[in-house]
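Report on one structure; see the data block that follows.
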Amino acid sequence: MTICIGIKANECIVFVADSATSLASVGPNGEPIVNRVYNHADKVFNLFRGQPIFAMTCGLGNFGTESIATIAKAIRRKLMSGETPISGENYTIESVIRFCFDVFLEKFNALDAGIQAITTFEFFVGGFSHDNGGNEIWKFAFTKGQVLPPECISGLDQCTIIWAGQPEACVRLVLGISSQTMNVLKNAGLDDAQASQLVQNLIQASEAPLLEPSMPVIDAIRLGEFLAQTTASFVKFLPGADTVGGDLDVATVTKYEGFRWIKRKHFYPTHLNGVTDHAS
15 MTICIGIKAN ECIVFVADSA TSLASVGPNG EPIVNRVYNH ADKVFNLFRG
65 QPIFAMTCGL GNFGTESIAT IAKAIRRKLM SGETPISGEN YTIESVIRFC
115 FDVFLEKFNA LDAGIQAITT FEFFVGGFSH DNGGNEIWKF AFTKGQVLPP
165 ECISGLDQCT IIWAGQPEAC VRLVLGISSQ TMNVLKNAGL DDAQASQLVQ
215 NLIQASEAPL LEPSMPVIDA IRLGEFLAQT TASFVKFLPG ADTVGGDLDV
265 ATVTKYEGFR WIKRKHFYPT HLNGVTDHAS
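Under our numbering, residues 15 to 294 are what the sequence shown spells out, in order.
Rendered as structure tokens:
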């Protein structure tokens with residue numbers, strides 16, 4: 015489990031993710047049981063060095079023996095080696111995520127059918143296309159056996175907050191409803207159309223206007239950190255395992271500064287290894 019936050023403003027995109035990764039098994043009634051939580055997983059990736067592109071993930075942490083971080087690094091190596099038609103002179107965010115989709119789909123298809131049926135995996139790619147003035151966020155997902163191909167979830171003219179993983183805190187804080195509101199209304203006798211319209215009315219009346227499209231980059235970063243940390247604190251006090259936690263990894267892309275790490279963890283001491291960069 016996890017929390018992933020995306021802040022898309024005019025000047026930048028910010029990706030923020032926690033570091034928790036959970037090992038789970040299936041209980042006697044088919045319910046997931048968290049057996050162990052590690053707090054040092056990588057979920058934000060520099061996907062194409064030197065270009066304003068990055069990625070973020072939540073859900074399944076491994077495909078077979080490979081972690082998502084390992085697969086993302088392999089994708090970056092291919093994108094930068096000239097092995098693909100994509101280059102720094104012709105890429106689009108769409109072409110990059112479609113390449114990522116093909117790589118992950120092949121690995122997903124190789125999984126056992128039982129794992130596919132219970133797996134949820136989401137992969138986001140955000141950034142500025144070559145010679146394009148605006149920024150975009152695209153996403154694909156594998157959800158309990160269903161393959162959801164790449165789609166643009168925030169286009170050139172949109173500024174949005176996105177979240178994935180464990181969204182309840184963000185849904186309540188930002189939208190002013192619960193993720194169970196729709197079900198409550200339907201259980202009260204409303205049909206799907208009526209419940210959906212009432213939910214939209216509630217959101218329209220209750221949504222907190224936290225995002226300003228023209229906000230400076232630093233403020234977009236602070237907003238992403240606030241939502242991620244609030245989610246971690248919220249989950250900490252809920253019953254069950256702390257499935258959101260560890261350090262926050264924070265990165266941003268802008269048109270001219272490109273990709274920049276804001277906060278990140280290392281699995282090695284930089285003063286011993288003599289490096290300030292990292293593979294992820």
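Just so you know, even glycine gets a beta-carbon here, dropped at the ideal spot from N, CA and C.
A distance of 8 Å or more separates the beta carbons of residue 86 and residue 125.
For residue 105, same chain residues with a beta-carbon under 6 Å away, outside a window of 5 residues either side, are 144 in chain order. Taking the Cα positions, residue 223 is about 39 Å away from residue 88. In this structure the segment 249-266 does not lie against the segment 121-135, because fewer than three pairs of beta carbons, one per stretch, are closer than 8 Å. If only complete runs of 3 or more residues are kept, the segment 153-182 shows the beta strand (DSSP E) at 160-168, 174-179, in order along the chain. Scanning its chain for C-beta atoms nearer than 6 Å, with the 5 sequence neighbours on each side dropped, one finds around residue 196 the residues 209, 213, in chain order. One alpha carbon belongs to residue 15, the other to residue 102, and they sit about 34 Å apart. Cβ neighbours of residue 260 within its own chain (closer than 7 Å, five residues either side excluded): 32, 33, 34, 53, 54.
Note on geometry: alpha-carbon atoms of residue 276 and residue 166 lie some 25 Å from one another.
Its chain contains 26, 27, 28, 231, 235, 274, 276 as the residues whose beta carbon lies nearer than 7 Å to that of residue 266, once the 5 sequence neighbours on both sides are disregarded; these appear in chain order. In the structure shown, the three-state DSSP call for residue 229 is coil. Rounded to whole angstroms, residue 68 and residue 141 show a C-alpha spacing of 6 Å. As the crow flies, the alpha-carbon of residue 174 is around 41 Å from that of residue 286. The alpha helix (DSSP H) runs lying completely inside the segment 78-140 and spanning 4 residues or more are 82-95, 107-123, 127-132, given in chain order. With a cutoff of 8 Å on beta-carbon distance, residue 272 and residue 138 are scored as not near each other. When the five nearest sequence neighbours on each side are left out, the beta carbons in the same chain lying within less than 6 Å of the beta carbon of residue 216 are those of 191, in order along the chain. Only residues of its own chain outside the window of five on either side were considered, and among them 188, 189, 190 have a CB closer than 8 Å to the CB of residue 221, listed in chain order.
Within the same chain, and ignoring the five residues on either side of residue 254 in sequence, the residues whose Cβ sits closer than 8 Å to its Cβ are 48.
Using a Cβ distance threshold of 8 Å, residue 170 and residue 150 count as a contacting pair. Taking the C-beta atoms as reference points, residue 179 is found no nearer than 8 Å to residue 114.
Measuring C-alpha to C-alpha distances from residue 17 to each of 65, 63, 177, 82 identifies 177 as the nearest. If you draw a straight line from the Cα of residue 282 to the Cα of residue 78, it comes to about 25 Å. Out of 63, 117, 74, 51, the CA that lies nearest to the CA of residue 95 is found in 63. The shortest C-alpha to C-alpha distance from residue 168 to any of 123, 153, 80, 240 is the one to 153. When the beta-carbon positions are compared, residue 81 and residue 257 stay at least 8 Å from each other. For residue 284, no beta strand (DSSP E) segment is defined; the enclosing uninterrupted segment is the alpha helix (DSSP H) at 284-287.
Ranking 146, 238, 123 by CA distance to the CA of residue 108 puts 146 first. Close CB contacts of residue 148 within its chain, under the 6 Å cut and outside five residues either way in sequence, are with 170 (chain order). Residue burial is scored here from C-beta neighbours: residue 57 has at least 16 other C-beta atoms within 10 angstroms and is therefore classed as buried.
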